[in-house]
Amino acid sequence: MFRFLLQRLVMGLMTILAATIAVTLLIHLVPGDPVRIMYAQSQGTTPEQLEEIRARLGLDQPIILQYVAFLGRLAEGDLGTTIRGQQPVLDLLLVRLPNTLLLAVTAMAVAAAIGIPAGFIAAYNRGTWIDSAVMMGAIAGISVPHFWLGLLLMFWFSVSLGWLPVAGTGPLSLILPALTLGLSNAAIMARMMRSGMIDVMGQDFVRTAHAKGLPRGIVLRRHVMLASLIPVVTMMGMQFAYLMGGAIVVENIFAWNGIGRLAIQAIFQRDYPIIQGFVLIFAATVVSVMFVLDVVYALLDPRIRRG
Amino acid sequence: MTALPEIVDRKARPLWLRLIRQPGGAVGLTLLVLLFLTAVLAPIIAPFAPTKMGAGQPLTPPGALHLLGTDELGRDMLSRLIYGARLTLWIGLIAVGISLSLGTAIGLVAAYAGGFVEKLLMRSNDILFSFTETLIALAFVAVLGPSLTNAMIAVGVAAIPFFARSAYAAALGEIAKPYLEGAIAAGAGHGRLVLLHLLPNVMPVMIVVATLGLSNAILAAAALGFLGLGAQPPLPEWGYMLSSGRDFFNRAPWLMLYPGLAIAFTVFAFNILGDALREALDPRSGGR
Amino acid sequence: MEVLSVNGLSVAINNRYVIDDLSFTIRPGETFALVGESGSGKSMTALALMGLLPQGAQVTAGQIMLCGQDLTVLPPRDLIPLRGARIGMIFQEPMTSLNPVLTIGRQMTEAIEVHLGLGRAAARKLAADMLGRVDLSDPMARLGQYPHELSGGMRQRVMIGMTMVLKPALLIADEPTTALDVTVQAQILNLMRALEREMVTSLLLITHNMGVVAEIADRVAVMQHGSIVESDAVSPLFAQPAQPYTRALLAAVPRLDAPLRSDAPTSRGSPVLELRGISRSFGRPGFLRRGLAHAALTDVSVDLHRSETLALVGESGSGKSTLGRIATRLDLDHAGQVFIDRQDVTRLRGRALRLQRAKVQIVFQDPFASLDPRFTARATLSEPLALHRGLSGAAKRAEAAQLMERVGLPEAMLDRLPHELSGGQRQRIAIARALAANPQVIVADEPTSAIDVSVQARIIELLIDIQKDTGLALLFVTHDLGLVRLIAHRVAVLRGGRILELGSAAQVLDTPQHPYTQSLLAAAPIPDPAWRDRPRVSASLSGGSKEELHGVSRGHWVAG
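Protein chains in written order, with numbering that gives the first Met the number 0: chain A, 0 to 306; chain B, 0 to 287; chain C, 0 to 559.
Right, dumping it as structure tokens:
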């Protein structure tokens, strides 16, 4: 088991490392002069000031040195400062990160609460109208753009009915964004749950369980469910990453104060330090959560636990 | 051994027939053909030019003259949606074209080459996977600047890890079978093995992946458009139309509803077609 | 009263009959064998008896009387308490038949708790007892283990224990030993015989292997196309089969007392293939990787001459297939040297290697997977014809037609795809592909294991024929000792990557010197019930095979 976890840990660290490299290269992939683009909107910047900024950001150094310097600053927790207000990027992101995590985790809970039972019901009643109905619903669910769904929900519940706030970051404001993300993902989870369960139900050991004369309920609970649990954990990992991505858009719609919203603003303002910081924090978050899920997976599967 | 023995396998029916027999296949295919025709025949069937401001009074509700109403600048919604179909299909096809070609190449090469190359490619792929498609697409657009072309490339590149992984898994499955070694014994070199043996046998899976990938690409492109990072105005891109319709929801809900419906239906069509394709290519009928 | 009485049973899947008017009875304590090839309906019969027919299949007529109770009229809910308790079943694949995430103990106690109403502690005790009965060491520890921690043979013992602990009136065993090595097979069969006698359970054995039938059956029924063709007590059936199909089945089974090849290879001369000091190991240990390296082959050397068949015999893991692949140059990552036609080809790569490939060709075990599913037979044959012999156009077409004729297939079949051909036909195409390169050596890796018994013999005949005609040398890899008798001039016995015995077929098979060879021969099922109670050499299967080969007599080498 430890070998497995060590492997996953190394992969995770390498991912974060790759993120740092990508982030350093990001600025240099910009067509044109990044510094000038960054400050394009603030009129009074003289060429000398631009040079000074360029030097401060270390952009006139060779790339390797820049990278090393970047790593050095990173080790001290310094992700640079924003273009506008000269605020430390790391602080800006860290303040908002919990909001995004809250949103993602809540959405995942919603998605799982709807998707897993739905997929289970579909698989259990495979071939009947129940199965078709659930699957149709799931396909419809994944076809509806989540940003559209979000807007519709907002207009209905907030504007028309006035039950929930339109924007903001309080607990009531969590409901709509989480619901938006969660519903879209529930459809995906339902489909994956269904195909996973059908796989498991077709396995030989389930046939053996039936042959032993175990009641259907026990076969289902003890054999099918338990064996399905493991792929579900893997699925959750992927879904979390997906949800984090979706949160970026949803945060925008509902003005939910998370890192996604900050990132979009930064993109429009060409505030590259924030964008760099965002990419890094995002990748690190995804990697960390997936590692936690890897640990759960390793504990659940005796083939890995006992090697 | 004199008379020609019967053909043993009854599953020799051509793919098209098997596809149509699935309800999803028939519906999906029909919808897509309609969509395709709409896009191709746009200049003919659209009543107005999509960027013509003042074609009608601004914010006219759907009616006889403007079947789907007009937007805040007086442009005809129906025409914009029809031309939007063109854009959408175009984006989808280019993006998937990028993902399919590069992703399949990476996956096949990784599976075939094995050893260090395989590990390098697939681990890098896993790393990119962790970044999530949304992040990659955003990063791309952030760096290159918002535009239609950049959105297409961004969405295409962002989906490469998924295509590469699918191609890799499918290729591994084929490599485990001895027919490749049979070809090696028959004198085939690397090129022949990969292009004539491996690729054709991996294509069915990749076609399904591509179809579902199209639905994904369209959603992703629409999301970028919604954020204002994709096709720029006045191009009638559905995502952008949805976003600009947001401000007028109270007075003119159709501005936001129709583009959303258009996206949903298109993605829906690709999804059920993809599902039906998957069923048709992997017949699990007849038990085990 | 009979334990089982099946009357006029018919089962259809989507309006196609898979079981057609089937009738047979099984008496208490009897072992009844249901024999047939793939597609005969025998497995489906077992599932019908258990009430576990797949979706889409249904019983259309007939009765299944289990101890006087008609199972076909019972609602599914009432069948559940009977399953396991009165009628049990074990399946072919022990690897996948057990739930990987539950302990052995849990999987055993759950049936006990449900059917016998015992509490957990009592159930565990009973389970441990049973595990001891099936000859598993340290039963209490086993209860806490998971399936992946046991070998295939041990898992099958667990399966047997799991079903027998409920003392069912009838146990159905569907190909219980097919996936196991032959030495383990013998042990499992003995175990089943012993248990069945002890607990007075009837056994319905489903198999395609006539040898297994001869070992333990009391009565036999032969199935074909969903119905019984012939049925009799085991000795009369084997001695005097009445039906042509039965006779064909029996005749096709290679026997250990069959005559050896009488023809000597036409020329001795210099060897056409030489393998010297071949060593191959898999899985280099490294950081973050699986620990142990596995030595598949250690210092193996063999020669092969024109017109000669050398059989590489061994069980799974012996390294025989690996050796065959190294000879064909499909595996290049090994130590030692390979000479083809006296030329050292070990270091050759790229173009130079491709030129040599033509000389050593291969026929694989799985006829379906060894042909590209998208290539017609013509395309499959065209590849070597174009690449190795530089043919094209009319010359290529003519040669392809000739090859088809040589392997006994009509030319019109050239335009068929693999899924439009039967297993035997595909294997013939595979042989034609190998011949297309005009090779001097063909490595045949278990070429008949995946084909029906009735067709196997013809493929073997074809190979022998071609050998006599063209002076082809054959490296025949197999685990089936009966087959070896039919085809081999010389035999090499491998175990754990080493050669334990090497000599002429007569020497190794009639006068085996190494204990392992002796135990292999003793364990192989003999399709003749008269030999059922022959003494078995107790397999002292431990004993390091680290000894050198030394000569016992002319051309006969033994390790030790």
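All residues carry an ideal CB built from backbone N, CA and C; glycine is no exception.
Q. Residues of chain A with a CB under 9 Å from the CB of A56 of chain C: which are they?
A. By one-based count along the third sequence, residue 56 of chain C stands at place 57. In chain order: nothing, as chain A lies at least about 14 Å away.
Q: Would you check if the distance between the CB atom of L30 of chain B and the CB atom of A185 of chain B is smaller than 7 Å?
A: On the second sequence, residue 30 of chain B is found 31 positions in, with the first residue counted as 1. On the second sequence, residue 185 of chain B is found 186 positions in, with the first residue counted as 1. Taking C-beta atoms as the reference points, L30 of chain B and A185 of chain B fail to come closer than 7 Å.
Q | Rounded Cβ spacing between A288 of chain B and M205 of chain B (contact assumed at less than 8 Å) | A | Given that chain B is displayed from residue 0 to residue 287, the structure contains no residue 288 of chain B and the question cannot be resolved.
**Q.** Ranges of the alpha helix (DSSP H) found wholly within the region 163-232 of chain B, counting only runs of at least 4
**A.** The qualifying runs are 178-184, 198-226.
(Q) By the DSSP assignment, the alpha helix (DSSP H) with Y296 of chain A in it spans what residues? (A) As a working mapping, residue 296 of chain A is identified with position 297 in the first sequence. Note, Y296 of chain A: alpha helix (DSSP H), 271-299.
Q.
Any C-beta of chain C within less than 9 Å: which residues of the region 163-197 of chain B qualify?
A. Listed in chain order, the positions of the region 163-197 of chain B with a beta carbon within less than 9 Å of a beta carbon of chain C are A175, K176, P177, Y178, L179, E180, G181, A182, I183, A184, A185, G186, A187, G188, R191, L195, H196.
Q. Would you report the Cα separation of H478 of chain C and G313 of chain C, rounded to the nearest angstrom?
A. Locating residue 478 of chain C in the third sequence gives position 479, counting from the first residue. Locating residue 313 of chain C in the third sequence gives position 314, counting from the first residue. It is roughly 5 Å from the alpha-carbon of H478 of chain C to the alpha-carbon of G313 of chain C.
(Q) Is it the case that the region 43-56 of chain B contacts the region 237-245 of chain B, given that we only count it when at least three CB pairs across the two stretches are under 8 Å? (A) Touching, no.
Q. Which of the three DSSP states, helix, strand or coil, is assigned to F281 of chain C?
A. On the third sequence, residue 281 of chain C is found 282 positions in, with the first residue counted as 1. In this structure, F281 of chain C counts as strand in the three-state DSSP scheme.
Q: State the beta-bridge partners of D19 of chain C as determined by DSSP.
A: As a working mapping, residue 19 of chain C is identified with position 20 in the third sequence. D19 of chain C is not bridged to any residue.
Q. Are the beta-carbon atoms belonging to S448 of chain C and Q364 of chain C less than 7 Å from one another?
A. As a first step, residue 448 of chain C must be located in the third sequence, where it is residue number 449. As a first step, residue 364 of chain C must be located in the third sequence, where it is residue number 365. Against a cut-off of 7 Å, the Cβ pair of Q364 of chain C and S448 of chain C comes out as a contact.
Q. Exposed or buried, N13 of chain C, counting other C-beta atoms within 10 Å across all chains shown (16 or more means buried)?
A. Residue 13 of chain C sits at position 14 when you count from the first residue of the third sequence. Exposed.
Q | Any chain C beta carbon closer than 7 Å to M0 of chain A | A | Indexing the first sequence from 1 puts residue 0 of chain A at position 1. No, its Cβ sits nowhere closer than 7 Å to a Cβ of chain C.
Q.
For the beta strand (DSSP E) containing L190 of chain C, name the first residue and the last one.
A. Sequence index remark: in the third sequence, residue 190 of chain C carries index 191 (1-based). Element bounds for L190 of chain C: not the beta strand (DSSP E) but the alpha helix (DSSP H), 181-198.
Q) Taking the alpha carbon of M94 of chain C as the point to measure from, which residue in C:L149, C:G118, C:L51 has its own alpha carbon closest? A) As a working mapping, residue 94 of chain C is identified with position 95 in the third sequence. When only C-alpha atoms are compared, the closest one is C:L149.
Q | G212 of chain A: contacting residues in chain C (beta-carbon distance under 9 Å) | A | Within the first sequence, numbered from 1, the residue matching residue 212 of chain A stands at position 213. Using a Cβ-Cβ cut-off of 9 Å, G212 of chain A is close to L78, I79, P80, L81, R82, G83, A84, R85, I86, G87, A110, V113, H114, L165 of chain C, given in chain order.
Q. So, using beta-carbon positions, are P167 of chain C and G87 of chain C closer together than 7 Å?
A. Along the third sequence, read from residue 1 onward, the residue named residue 167 of chain C stands at position 168. Along the third sequence, read from residue 1 onward, the residue named residue 87 of chain C stands at position 88. Taking 7 Å as the cut-off, the beta carbon of P167 of chain C is found closer than this to the beta carbon of G87 of chain C.
Q.
Distance check for G113 of chain B and I277 of chain C, CA to CA, integer angstroms please.
A. In the third sequence, counting from the first residue as 1, residue 277 of chain C sits at position 278. In the second sequence, counting from the first residue as 1, residue 113 of chain B sits at position 114. Cα to Cα, I277 of chain C sits roughly 23 Å from G113 of chain B.
(Q) Restricting to Cα atoms, I'd like to know which of C:P366, C:A456, C:A295 is closest to P417 of chain C. (A) Numbered from 1 along the third sequence, position 418 holds the residue referred to as residue 417 of chain C. When each option's Cα is compared against that of P417 of chain C, the closest is C:P366.
**Q.** CB-CB length for E71 of chain B against L80 of chain B, believed under 8 Å
**A.** Residue 71 of chain B sits at position 72 when you count from the first residue of the second sequence. Residue 80 of chain B sits at position 81 when you count from the first residue of the second sequence. At roughly 15 Å, the Cβ-Cβ gap does not stay under 8 Å, so E71 of chain B and L80 of chain B are not in contact.
Q. When DSSP builds the beta bridges, which residues end up paired with V362 of chain C?
A. Taking the first residue of the third sequence as position 1, residue 362 of chain C is located at position 363. C:A443, per the DSSP bridge assignment.
Q) Taking DSSP as the reference, what is the three-state secondary structure of H207 of chain C? A) Here residue 207 of chain C refers to the residue found at position 208 when the third sequence is read from its first residue. Residue state, collapsed to three classes: coil.
(Q) By alpha-carbon positions, which one of C:E419, C:G423, C:I430 ends up nearest to Q401 of chain C? (A) Within the third sequence, numbered from 1, the residue matching residue 401 of chain C stands at position 402. For the residues C:E419, C:G423, C:I430, the minimum Cα distance to Q401 of chain C belongs to C:I430.
**Q.** Coarse secondary structure for A18 of chain A, derived from DSSP in three states
**A.** Start at 1 with the first residue of the first sequence, and residue 18 of chain A comes out as number 19. Correct three-state label for A18 of chain A: helix.
Q: Taking a Cβ distance cut-off of 9 Å, strictly less, list which residues of the region 136-149 of chain A are near chain B, in chain order.
A: Correct list: I138, A139, I141, S142, V143, P144, H145, F146, W147, L148.
Q) Got a sec? Which residues, its chain only, sit under 8 Å from I6 of chain B by beta carbon, not counting five neighbours each side? A) Within the second sequence, the letter at position 7 stands for residue 6 of chain B. In this prediction, I6 of chain B scores a pLDDT of 43, lower than 50, which makes its location untrustworthy; the coordinate-derived value is nonetheless stated afterwards. Hits under 8 Å: none found.
**Q.** P524 of chain C and V211 of chain C closer than 7 Å at C-beta
**A.** On the third sequence, position 525 is the one that residue 524 of chain C refers to. On the third sequence, position 212 is the one that residue 211 of chain C refers to. Their beta carbons are under 7 Å apart, which means P524 of chain C touches V211 of chain C by this criterion.
Q.
If you reduce the DSSP assignment to three classes, tell me which class L5 of chain A lands in.
A. For this step, residue 5 of chain A is matched to residue 6 along the first sequence. The answer is helix: DSSP assigns L5 of chain A an H, G or I state.
Q. DSSP three-state call for M224 of chain A: helix, strand or coil?
A. Numbered from 1 along the first sequence, position 225 holds the residue referred to as residue 224 of chain A. Per DSSP, reduced to three states, the secondary structure at M224 of chain A is helical.
**Q.** Short Cβ contact (7 Å threshold) for A522 of chain C with T59 of chain C
**A.** Sequence index remark: in the third sequence, residue 522 of chain C carries index 523 (1-based). Sequence index remark: in the third sequence, residue 59 of chain C carries index 60 (1-based). The Cβ-Cβ distance between A522 of chain C and T59 of chain C does not fall below 7 Å.
(Q) List, in chain order, every chain B residue whose beta-carbon is nearer than 9 Å to that of S369 of chain C. (A) Your numbering for residue 369 of chain C matches position 370 in the third sequence. Annotation: Cβ neighbours of S369 of chain C in chain B (cutoff 9 Å, chain order): K176, P177, Y178, E180, G181.
Q. Roughly how many angstroms lie between the CA atoms of Q223 of chain C and S230 of chain C, to the nearest whole one?
A. Translated into positions along the third sequence, residue 223 of chain C becomes position 224. Translated into positions along the third sequence, residue 230 of chain C becomes position 231. Cα to Cα, the separation comes out at about 12 Å.
Q. If you follow the alpha helix (DSSP H) that R305 of chain A is part of, which residue opens it and which one closes it?
A. Taking the first residue of the first sequence as position 1, residue 305 of chain A is located at position 306. No alpha helix (DSSP H) holds R305 of chain A; DSSP gives it neither H nor E.
Q) Grouping DSSP H, G and I as helix and E and B as strand, with all else coil, what is P87 of chain A? A) Position 88 of the first sequence, counted from the first residue, corresponds to residue 87 of chain A. If DSSP states are grouped into helix, strand and coil, P87 of chain A belongs with the strands.
Q: For L287 of chain C, collect the residues of the same chain with a Cβ closer than 6 Å to its Cβ; drop the 5 residues on either side in sequence, then sort them by chain order.
A: Sequence index remark: in the third sequence, residue 287 of chain C carries index 288 (1-based). Note that L287 of chain C has pLDDT 47, beneath the 50 cutoff, so the model's placement of it is unreliable and the number below is only indicative. Excluding five sequence positions before and after L287 of chain C, none of the CB atoms of its chain fall closer than 6 Å to its own CB.
Q. Taking DSSP as the reference, what is the three-state secondary structure of G273 of chain B?
A. The residue given as residue 273 of chain B occupies position 274 in the second sequence. G273 of chain B: helix per DSSP, three-state reduction.
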